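Notes follow once the structure below has been shown.
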Amino acid sequence: MRGGGHGGPRARVSASDESMQRALNAEAPRIPGLFHRITGLFAPYRTRLIVTAVLVVLAAGLSVVPPLLVEQAFDVGLFPEAGGPNLGALARIVIIMIVIFIVTSCLGVWQSYLTATVGNRVMGALRVELFSKLQSMELSFFTHTKTGIIQSRLQNDVGGVASVLTNTVSSVLGNTVNVLAAVVAMILIDWRLTIVALVLMPALVAAQRRVGQVRARIATQTQESLSDMTAITQETLGVSGILLSKSFNRQESEIERYRTANATQITLQVRQAMSGQWFFAMVNIFLSSIPAIVYLVSGWLLVGGNEGVTAGTIVAFTTVQSRLLFPLMALMRVGLDVQTSGALFARIFEYLDLRPRVTDKPDAITVEEAPGPLGLVEFRDVSFRYPDAAEDSRPTLDEVSFRIEPGQFAAFVGPSGAGKTTVSYLVPRFYDAESGTVSFAGADVRDLTQDSLVSHIGIVSQETSLFHASIAENLRYAKPDATDEELREAAIAANIHQTIVSFPEGYDTVVGERGYRLSGGEKQRIAIARVLLKDPAVLVLDEATSALDSLSERIVQRALEAASAGRTTIAIAHRLSTVIDADIILVVDAGRIVERGTHAELLAHDGIYARMHAEQRTDAL
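In the working numbering, the protein residues as written are 458 to 1078.
The following block contains the structure:
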């Protein structure tokens, strides 16, 4: 690759006022048809939603009946027009009320189970869909996006909409029915008092919409800030980050960076918690004051000689109105939550709408269907520059052509940043060439399915990636159904078996995060064994020994020679001593192949390769 490290992580910057300002200025992405897409998530669960809706409507409808029975309890049971209390009628009313409470509670439990099931399944499906989309993205997406930010989208954003997914449907239905039923009941009790109780509702709805817009903007800002914190945590609390901070004695600066990002998060969380509080305080004051106003208006009506206003009327009306308070407040809160979650859904859909640059053609064929022999790799006039490179910049590869026959050992050498590693990225199609043709087994790699192409290519890089799992589990990543004997054979071929069995737990030894419990040479040989389990036709070695000491390099080099036997090998090398036996050596400089030949031929040519060889021999003395 060119100097500057295309494909490497972005330069780290400390959390500062700049990150704070970015969070405060963040706006939710605008996604077309957002509401339709959100409701579409529930499509597979229509039947359950219908049952939930029926249960919610029944429970909400029944919950309004007891307040209506209160009027009967007062006017018929406790204070009938003639005589004392009618205990028989009062007992029947009370029994009906208790039965309604029992039925409503049972319906509520059933409805809660259905909504929790649907909501969590939708959230789980959304998380898997997002993870699948990220798996399909090309390499450049991950080299230019912090891992912590990706993790935040996957965990924090999806988790942030959990309550909306699990509670919104039932809450909206239930509270809507409760509000409508309460209003109807209030009208039936006394339409004049109903007008008094609801006169300011349109103004409250308008105010709620404005508050929701503010909360949605703050929610987006909060998630951006949380992404920054997740990125800092991922960078600094991994083994590599801890080693780096300790090596440079930068623990205090890392703490300060986290403290600053945390202060931004606290500010935004407080703003999010407080947004709308004055609105709900005013709503609460208004709704709580209605009974007192009703008493006053009822007094005016009684003084004016209006009939139809009794003690039972007033008690029943205020009871129903008090039941309006909580569902109405809940409905407004749900409305705000939906508006707030819309910002998070927009961020999620923004990732779901990403389109990978590298995709299969509709008529793509498998490697087995390709016309040429397996292991044949060829570049014809290939030019390439990385996606983020300036249009007027020098191409990373400039009209590169070569042919590697099946079973050949080809080595690419040259100065750092010359474009050697880029060659290894184009063969398995991690990127697509701008022009020219990269062919595998006689077919353009763009005409092959990615799965079949990668299944025939094994890569051993300088940066060995191991999971925090046992050695056996790491090996089986290449072949999940591999037997213990196959693991043993691969380990023997990679010259690591004796080392593994010397550990107290053998193949069950947990290697630690990124394999930090192992030495560099041991990690590389496990990586080689893993590739051998895959048994690829083409082996790509990207400076696989450059980070090792001389002894480890010799051990790993023997393992690589065994792994290369009988298969096409492409080696990206810095140390020329590792490739002197290559069938062909290609010297890359400034994106072009400037020399090619065997070790002896290139020394005789007395060009760049000869000078590099002389310099390395001098350094070794």
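C-beta atoms are modelled at their ideal positions from N, C-alpha and C, and glycine is treated no differently. As the structure is a computational prediction, the values presented were derived from the model and not from experiment.
Problem set entry | Beta-carbon proximity of Arg1024 to Leu996, cut-off 7 Å | Their beta carbons are under 7 Å apart, which means Arg1024 touches Leu996 by this criterion.
Exercise. Apart from the five residues just before and just after Leu923, which ones in its own chain have a Cβ nearer than 8 Å to its Cβ?
Worked result: Within the same chain, Leu923 has close Cβ partners Asn931, Val968, Arg971, Gly972, Leu975, Lys980, Ile983 and Ala984.
Exercise. Roughly how many angstroms separate the alpha carbons of His1062 and Ala867, rounded to a whole number?
Worked result: Cα to Cα, His1062 sits roughly 18 Å from Ala867.
Exercise. Going along the chain, which unbroken runs of the beta strand (DSSP E) with 3 or more residues stay wholly within the region 859-891?
Worked result: With a minimum length of 3 residues, the continuous beta strand (DSSP E) runs that stay inside the region 859-891 are 866-870.
For this session: Would you decide whether Val917 is buried or exposed? Buried here means 16 or more other CB atoms lie within 10 Å of its CB.
Result: The residue in question, Val917, is buried, as its Cβ has 16 or more Cβ neighbours within 10 Å.
For this session: Verify whether the separation of the beta carbon atoms of Val777 and Met580 is less than 7 Å.
Result: Going by C-beta atoms, Val777 is not nearer than 7 Å to Met580.
Problem set entry | Cβ-based burial, Ile495 [other Cβ within 10 Å; buried from 16] | Ile495 counts as buried, since no fewer than 16 other beta carbons sit within 10 angstroms of its beta carbon.
For this session: Give the DSSP bridge partners of Val997, in chain order.
Result: Residue pairing by DSSP places Val997 opposite Ile916 and Ile1027 in a beta bridge.
For this session: Using alpha carbons as the reference points, say which of Gly1048, Ala900, Leu506 and Gln865 lies closest to Val839.
Result: Comparing Cα positions, the closest option is Gly1048.
For this session: Starting from Gly497, trace the alpha helix (DSSP H) both ways and give me its first and last residue.
Result: That run of the alpha helix (DSSP H) goes Leu491 to Gly497.
Exercise. Taking the beta strand (DSSP E) that Ser840 falls in, what are its first and last residues?
Worked result: Segment Val834 to Phe841, the beta strand (DSSP E) holding Ser840.
For this session: Report yes or no: do three or more beta-carbon pairs, one from the region 852-872 and one from the region 928-943, lie closer than 8 Å?
Result: Not touching, per the Cβ criterion.
For this session: Tell me whether the beta-carbon of Ile928 lies closer than 7 Å to the beta-carbon of Tyr882.
Result: Contact: no.
Exercise. Going along the chain, which residues of its own chain have a beta-carbon closer than 8 Å to the beta-carbon of Pro828, five neighbours each way excluded?
Worked result: Scanning its chain for C-beta atoms nearer than 8 Å, with the 5 sequence neighbours on each side dropped, one finds around Pro828 the residues Ala898, Gly899 and Ala900, in chain order.
Problem set entry | Boundaries of the beta strand (DSSP E) in which Ile557 is found, first to last residue | DSSP places Ile557 outside any beta strand (DSSP E); the residue lies instead in the alpha helix (DSSP H), whose first and last residues are Leu544 to Ser593.
Exercise. Could you give the residue range of the beta strand (DSSP E) that holds Val824?
Worked result: Segment: none, Val824 is in no beta strand (DSSP E) and carries neither H nor E.
Exercise. In its own chain, which residues sit with a C-beta less than 6 Å from the C-beta of Pro466, not counting the 5 before and 5 after it?
Worked result: With a pLDDT of only 35 at Pro466, under 50, the local geometry of the prediction cannot be trusted, and no value is derived from it.
Problem set entry | Gly874 versus Ala773, Ala1030 and Val615, residue with shortest Cα-Cα distance | Of the candidates Ala773, Ala1030 and Val615, the one whose C-alpha sits nearest the C-alpha of Gly874 is Ala1030.
For this session: Name the two residues that bound the continuous alpha helix (DSSP H) containing Arg716.
Result: Unbroken alpha helix (DSSP H) run through Arg716: Gln708 to Met731.
For this session: Return the first residue and the last residue of the alpha helix (DSSP H) that Val958 is part of.
Result: Per DSSP, Val958 belongs to the alpha helix (DSSP H) from His954 to Ser959.
Exercise. Span of the alpha helix (DSSP H) holding Gly1054?
Worked result: Residue range Arg1049 to Gly1054 is occupied by the beta strand (DSSP E) that includes Gly1054, with no alpha helix (DSSP H) assigned at that position.
For this session: Taking the CB atoms as reference points, tell me whether Arg837 and Thr894 lie closer together than 7 Å.
Result: Yes, Cβ-Cβ distance for Arg837 and Thr894 is below 7 Å.
Problem set entry | Distance between beta carbons of Asp614 and Ile805, contact taken as under 8 Å | With a Cβ gap of about 5 Å, Ile805 and Asp614 count as contacting.
Exercise. What did DSSP end up calling Asp1063 once you bin it into helix, strand or coil?
Worked result: Secondary structure at Asp1063: coil, using DSSP grouped into helix, strand and coil.
For this session: Below 8 Å on the Cβ atoms is my guess for Leu725 versus Gln678; work out the distance and round it to an integer in Å.
Result: Separation of the CB atoms of Leu725 and Gln678 is rounded to 5 Å, and the pair is thereby assigned contact status at 8 Å.
For this session: Have a look at Glu595 and Phe869 and give me their C-alpha separation to the nearest angstrom.
Result: Cα-Cα distance, rounded: 24 Å.
Problem set entry | Beta-ladder partner(s) of Ile1042, from DSSP | BP columns for Ile1042 point to Ala868 and Gly1054.
Problem set entry | Residue range of the alpha helix (DSSP H) that includes Glu946 | Run containing Glu946: Asp941 to Ala950, per the alpha helix (DSSP H) assignment.
Exercise. Mapping DSSP to helix, strand and coil, what is Leu854?
Worked result: DSSP places Leu854 in strand when its eight states are reduced to three.
For this session: Measure the beta-carbon distance from Val824 to His913 and round it to whole angstroms, keeping in mind my assumption that it falls under 8 Å.
Result: Confirmed, Cβ separation roughly 5 Å.
Exercise. Which residues share a DSSP beta bridge with Asp901?
Worked result: When beta bridges are read from the DSSP output, Asp901 appears opposite Ser896.
For this session: Rank Val988, Val585 and Cys563 by C-alpha distance to the C-alpha of Gln612 and give the top, closest one.
Result: Nearest C-alpha to Gln612: Val585.
Exercise. From Met731 to Arg674, what does the alpha carbon distance come to, in whole angstroms?
Worked result: Between Met731 and Arg674, the C-alpha separation is close to 13 Å.
Exercise. Does the distance from the CB of Thr770 to the CB of Pro748 come in under 7 Å?
Worked result: No, the Cβ-Cβ distance between Thr770 and Pro748 is not below 7 Å.
Exercise. Just how far apart, CA to CA, sit His1070 and Phe841?
Worked result: About 28 Å.
Exercise. When you compare each of Arg649, Ile689, Asp817 and Ala688 to Ala751 by their alpha carbons, which one comes out closest?
Worked result: At residue 751 the sequence reads Val, which differs from the Ala that was named. When only C-alpha atoms are compared, the closest one is Arg649.
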